[in-house]
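Numbering (UniProt numbering), first residue to last: 1 to 349.
Don't be surprised by glycine CBs; every beta carbon is placed ideally from N, CA and C.
Note that the structure is a prediction, hence the values are computed from the model and not measured.
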């Protein structure tokens, strides 16, 4: 039961074993190729963060079908089982030496396709996971700028989250076409997707580098040394009188211009308060003590108590209830008396 339950729940997991793929992720790359034809004319490809090797398998089968001399280089920090037709490197994708070794296997040429299906171990903290994934993608892109030929294609995993648009904008600076792909084999419940960048065209004057200036010991010098396309800095401009009012400072209340007697501070009303603010309902709930209640508690609170119902009826029917109380007999009591008379035994008084 345990060994077959996953085969039932995950069709791609079952198909991967039946077709000889090392992981179900092989179908993701195959489906991306079906849509974007990323394998067309490719004879040199690089698989970054390759272990366990399903994407390297796909590259080997598809590229070597049309050209037996096609070269595939797989890079990962972890060891990977041997694959026919795949050159395996154990290296760090953030090191220049790794890029140089990749190029050496292409006889000085450059890759036409670079793919990366790497992902960090998720923590469950979505913001942190997104950040870690974006940094891994940028590391993969950095090494790609060293090994990718102009016009080449770059495919990498991303997490579709708050800052994904920033990655798209960065990639559009270097590629003619940038798309976000969601293969059918990728679970719909996952924020995983793949950025497909085609037509590598680096900015004029751009020099590939593995150096992360943010971690530089002398940040100011490192930034000032960049020129042209290598220096993309958004200017930060402070507006207004720098010696004027400080928005972070606490100032004493000024009574000299508000109260003629200078004895008290006169509060001024807001010129135009919101007419229908979104927090209006919350304020009303807070006044009634129901702001932090659950929906069930709020419903129960909304039901009037016995005393409240009595007061509501009193307001609704006026003095009629008081008159009925004085008579100590109401409509229901009259009916009760009538019924009792109907069922009184003969002769009973």
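Pull up the distance between the alpha-carbon of residue i and that of residue j, whole angstroms please.
{"i": "residue 8", "j": "residue 52", "result": "23 Å"}
{"i": "residue 74", "j": "residue 16", "result": "20 Å"}
{"i": "residue 61", "j": "residue 33", "result": "13 Å"}
{"i": "residue 203", "j": "residue 63", "result": "30 Å"}
{"i": "residue 251", "j": "residue 273", "result": "24 Å"}
{"i": "residue 192", "j": "residue 54", "result": "17 Å"}
{"i": "residue 329", "j": "residue 308", "result": "Confidence in residue 329 is poor, its pLDDT being 47 and thus under 50, which makes the residue's placement unreliable; the coordinate value appears in the next sentence. So the alpha carbons of these two residues sit roughly 23 Å apart."}
{"i": "residue 313", "j": "residue 278", "result": "34 Å"}
{"i": "residue 246", "j": "residue 190", "result": "46 Å"}
{"i": "residue 25", "j": "residue 222", "result": "40 Å"}
{"i": "residue 83", "j": "residue 225", "result": "44 Å"}
{"i": "residue 159", "j": "residue 311", "result": "59 Å"}
{"i": "residue 29", "j": "residue 4", "result": "26 Å"}
{"i": "residue 39", "j": "residue 220", "result": "43 Å"}
{"i": "residue 96", "j": "residue 239", "result": "42 Å"}
{"i": "residue 144", "j": "residue 108", "result": "15 Å"}
{"i": "residue 348", "j": "residue 316", "result": "Confidence in residue 348 is poor, its pLDDT being 49 and thus under 50, which makes the residue's placement unreliable; the coordinate value appears in the next sentence. When rounded, the distance between both Cα atoms is 42 Å."}
{"i": "residue 287", "j": "residue 128", "result": "38 Å"}
{"i": "residue 249", "j": "residue 243", "result": "12 Å"}
{"i": "residue 331", "j": "residue 305", "result": "In this prediction, residue 331 scores a pLDDT of 47, lower than 50, which makes its location untrustworthy; no coordinate-derived value is stated."}
{"i": "residue 182", "j": "residue 282", "result": "40 Å"}
{"i": "residue 27", "j": "residue 65", "result": "17 Å"}
{"i": "residue 271", "j": "residue 264", "result": "21 Å"}
{"i": "residue 13", "j": "residue 105", "result": "33 Å"}
{"i": "residue 91", "j": "residue 77", "result": "5 Å"}
{"i": "residue 352", "j": "residue 134", "result": "The question about residue 352 has no answer here: the residues shown for the chain are numbered 1 through 349."}
{"i": "residue 124", "j": "residue 132", "result": "12 Å"}
{"i": "residue 167", "j": "residue 180", "result": "11 Å"}
{"i": "residue 284", "j": "residue 35", "result": "54 Å"}
{"i": "residue 1", "j": "residue 93", "result": "Reliability of the predicted coordinates at residue 1 is poor, the pLDDT of 44 falling under 50, and the value obtained from them is presented with this limitation in mind. When rounded, the distance between both Cα atoms is 41 Å."}
{"i": "residue 275", "j": "residue 126", "result": "37 Å"}
Less than 8 Å between the beta carbons of residue i and residue j, yes or no?
{"i": "residue 150", "j": "residue 201", "result": "yes"}
{"i": "residue 111", "j": "residue 136", "result": "no"}
{"i": "residue 48", "j": "residue 140", "result": "yes"}
{"i": "residue 100", "j": "residue 89", "result": "no"}
{"i": "residue 72", "j": "residue 86", "result": "yes"}
{"i": "residue 199", "j": "residue 176", "result": "yes"}
I think residue i touches residue j, with their Cβ atoms under 8 Å apart; what is that distance to the nearest whole Å?
{"i": "residue 157", "j": "residue 119", "result": "6 Å"}
{"i": "residue 280", "j": "residue 31", "result": "Incorrect: roughly 49 Å between the Cβ atoms, too far for contact."}
{"i": "residue 178", "j": "residue 113", "result": "The pair is not a contact, with the Cβ atoms about 16 Å apart (cut-off 8 Å)."}
{"i": "residue 162", "j": "residue 130", "result": "7 Å"}
{"i": "residue 155", "j": "residue 122", "result": "Not quite, the Cβ-Cβ distance comes to about 21 Å (not below 8 Å), so this is no contact."}
Looking at the structure shown, is residue i part of a helix, part of a strand, or coil, going by DSSP?
{"i": "residue 1", "result": "Residue confidence for residue 1 is low, a pLDDT of 44 falling below 50, so the modelled location carries little weight and cannot support an answer."}
{"i": "residue 106", "result": "coil"}
{"i": "residue 358", "result": "Nothing about residue 358 can be read from this structure; the chain reaches only from 1 to 349."}
{"i": "residue 179", "result": "strand"}
{"i": "residue 283", "result": "helix"}
{"i": "residue 44", "result": "strand"}
{"i": "residue 77", "result": "coil"}
{"i": "residue 19", "result": "helix"}
{"i": "residue 38", "result": "coil"}
{"i": "residue 192", "result": "strand"}
{"i": "residue 70", "result": "coil"}
{"i": "residue 307", "result": "helix"}
Out of the options, which has the shortest C-alpha to C-alpha gap to residue i?
{"i": "residue 22", "options": "36, 59, 91, 4", "result": "59"}
{"i": "residue 268", "options": "276, 275, 282, 253", "result": "253"}
{"i": "residue 81", "options": "50, 125, 240, 98", "result": "50"}
{"i": "residue 116", "options": "290, 45, 20, 128", "result": "45"}
{"i": "residue 205", "options": "174, 76, 220", "result": "174"}
{"i": "residue 165", "options": "188, 198, 105, 194", "result": "194"}
{"i": "residue 11", "options": "187, 132, 285, 78", "result": "187"}
{"i": "residue 57", "options": "19, 36, 35", "result": "19"}
{"i": "residue 98", "options": "142, 241, 132, 125", "result": "142"}
{"i": "residue 207", "options": "36, 146, 93", "result": "146"}
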